[in-house]
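For the record, the sequence lines run as chains A and B. 418 is the number of the first residue of the first sequence in our numbering; add one for each residue after it. 3 is the number of the first residue of the second sequence in our numbering; add one for each residue after it. Glycine included, C-beta positions come from ideal geometry on N, C-alpha and C. Fair warning: this is a prediction, and the values are worked out from it, not measured in the lab. Written out below as structure tokens is the structure these notes cover.
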Amino acid sequence: MGVVCKTLYGLRRAAGTAALAGCAGLGLAVAGLRGQEAPRQQASDYSSVEYFDPPHELQISSRVTGAQAFPLPGNRRVRFKDFRLETFATNGHALYIVEAPDCVYDKSDRLASSASHLKVRRADGQVTLEGEGFLWRQDDNFLIISNQAQTVIEPGTGTGPNTKMIP
Amino acid sequence: MKHLILILLLAAGLRPAAAQTNAPDERTHIHSDGPGSFDMVRHHVTYQDNVRVDNPGMKLTCAWLAADLPLPNNPDKHILARTNVVIDLTGEPGKGTNSGAGLLDDTHQNWHVTGDQADYNFRVTGTATNEIVTVTGHAVAKSDKLTVTSEREPLVYNLVTKMISGKDYDTISNDPLSPGRTTAPATTNAAPVP
Numbered sequence: 418m419g420v421v422c423k424t425l426y427g428l429r430r431a432a433g434t435a436a437l438a439g440c441a442g443l444g445l446a447v448a449g450l451r452g453q454e455a456p457r458q459q460a461s462d463y464s465s466v467e468y469f470d471p472p473h474e475l476q477i478s479s480r481v482t483g484a485q486a487f488p489l490p491g492n493r494r495v496r497f498k499d500f501r502l503e504t505f506a507t508n509g510h511a512l513y514i515v516e517a518p519d520c521v522y523d524k525s526d527r528l529a530s531s532a533s534h535l536k537v538r539r540a541d542g543q544v545t546l547e548g549e550g551f552l553w554r555q556d557d558n559f560l561i562i563s564n565q566a567q568t569v570i571e572p573g574t575g576t577g578p579n580t581k582m583i584p
Numbered sequence: 003m004k005h006l007i008l009i010l011l012l013a014a015g016l017r018p019a020a021a022q023t024n025a026p027d028e029r030t031h032i033h034s035d036g037p038g039s040f041d042m043v044r045h046h047v048t049y050q051d052n053v054r055v056d057n058p059g060m061k062l063t064c065a066w067l068a069a070d071l072p073l074p075n076n077p078d079k080h081i082l083a084r085t086n087v088v089i090d091l092t093g094e095p096g097k098g099t100n101s102g103a104g105l106l107d108d109t110h111q112n113w114h115v116t117g118d119q120a121d122y123n124f125r126v127t128g129t130a131t132n133e134i135v136t137v138t139g140h141a142v143a144k145s146d147k148l149t150v151t152s153e154r155e156p157l158v159y160n161l162v163t164k165m166i167s168g169k170d171y172d173t174i175s176n177d178p179l180s181p182g183r184t185t186a187p188a189t190t191n192a193a194p195v196p
């Protein structure tokens, strides 16, 4: 039935960062992308994680997931369906969840971009941002929203307990 | 019987939702037509082009805006608005009873304020909540009773006490029954908000 695979995806920038792509179910492995032409096969349930630099090298700084991943020609970019990015603090607490129905991730330049609708919410649900189209710079965790940028801040934000889990 | 229970449950579930739609929206909304940026490390956002802020007691428009988002354990908010800043402040007319140094009006009027820059700060210190907006640069504040202008010195509006203050300003009465023009002495101190 299903094939489960784990493949290093070549997202590493420096020591202290790591990436992992997994695919399961009907998707086939996107194996051996580094150093060879991408097989252009779809992967499902893609996930890659990145860690903080020392002394927090055991803590995840961000996690990128996609319901489906399609390698694009050139062996650098991957198109995601149902893109989701989660960022974390050094204490392990979840910070933000970024979601877009469609996104292209450039693993060499460490950029994610899309023309589709973007939704960002803080893990405690107290702050949400939305917009149309975006560019995410992975190196400094900086998000540029192309148009119609908007934010909603819930009343009483900041007075509640800290958040540990992503809902 | 099962259908009756289901209908009752649905009705009970819908009632609070309907009530919520009539409740005032206490959230802060920031919208823009143009691009924005979000520094996910510093929790800092910027907006451009026809920026609108809808906050309880205050509506603001401008061309450019930056905001520091409140953190999970820190409710402090800071918003900086620049270029063609227009603010509508909702007072509580008739509730004014206080007076203080530099207060322009203590009758809790609604104010329409314009200026080059506005600085909004929401800060909680212990049990005290401070929420003020400071307008600088060709600041003009209008109420039904007064028009206040201040070219250089800031006009400060306290969203908690619903009172406006400043120094070195000019006022013009908008009341046809008591027209007049006054100039505040330069030494008048604004009522500072801690």
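Secondary structure at V137 (chain B): strand, using DSSP grouped into helix, strand and coil. If you draw a straight line from the Cα of I174 (chain B) to the Cα of E516 (chain A), it is about 52 Å long. Annotated three-state conformation of F469 (chain A) is coil, per DSSP. By the Cβ rule, the segment 77 to 96 of chain B does not count as touching the segment 499 to 517 of chain A, because fewer than three pairs are nearer than 8 Å. Within the same chain, G93, P95, S145, D146, K147 come within 7 Å of Q111 (chain B) by CB-CB distance, once the 5 residues on both sides are set aside. Only residues of its own chain outside the window of five on either side were considered, and among them I89, D90, L91, T92, Y122, V135, L161 have a CB closer than 8 Å to the CB of M60 (chain B), listed in chain order.
Judged by their CB atoms, F469 (chain A) and A486 (chain A) are not nearer to each other than the 9 Å cut-off. At least one CB atom of chain B sits nearer than 9 Å to the CB of S563 (chain A). Under the DSSP definition of a beta bridge, L546 (chain A) partners with A:V537, A:T568. In this structure E133 (chain B) is buried. Its beta-carbon is surrounded by 16 or more other beta-carbon atoms within 10 angstroms. In this structure S478 (chain A) is buried. Its beta-carbon is surrounded by 16 or more other beta-carbon atoms within 10 angstroms. Against chain B, a Cβ distance below 7 Å from P471 (chain A) picks out nothing, because the smallest value is about 18 Å. Taking a Cβ-Cβ cut-off of 7 Å, the neighbours of P572 (chain A) in chain B comprise E28, R29, given in sequence order.
In the displayed model, S525 (chain A) falls within coil according to three-state DSSP, outside both helix and strand. Neighbours of H80 (chain B) in chain A, taken as residues whose beta carbon is under 8 Å from its own, are absent, since the nearest beta carbon is some 12 Å off. Assignment of M165 (chain B) by DSSP, reduced to helix, strand and coil, places it in the strand class. Within the segment 35 to 58 of chain B, those residues whose Cβ lies closer than 7 Å to any Cβ of chain A are, in chain order, D35, G36, P37, G38, S39, F40, D41, M42, V43, V47, Y49. With contacts defined by Cβ atoms closer than 9 Å, L67 (chain B) and V115 (chain B) do not form a contacting pair. E547 (chain A) is positioned such that its CB atom lies no closer than 9 Å to that of R29 (chain B).
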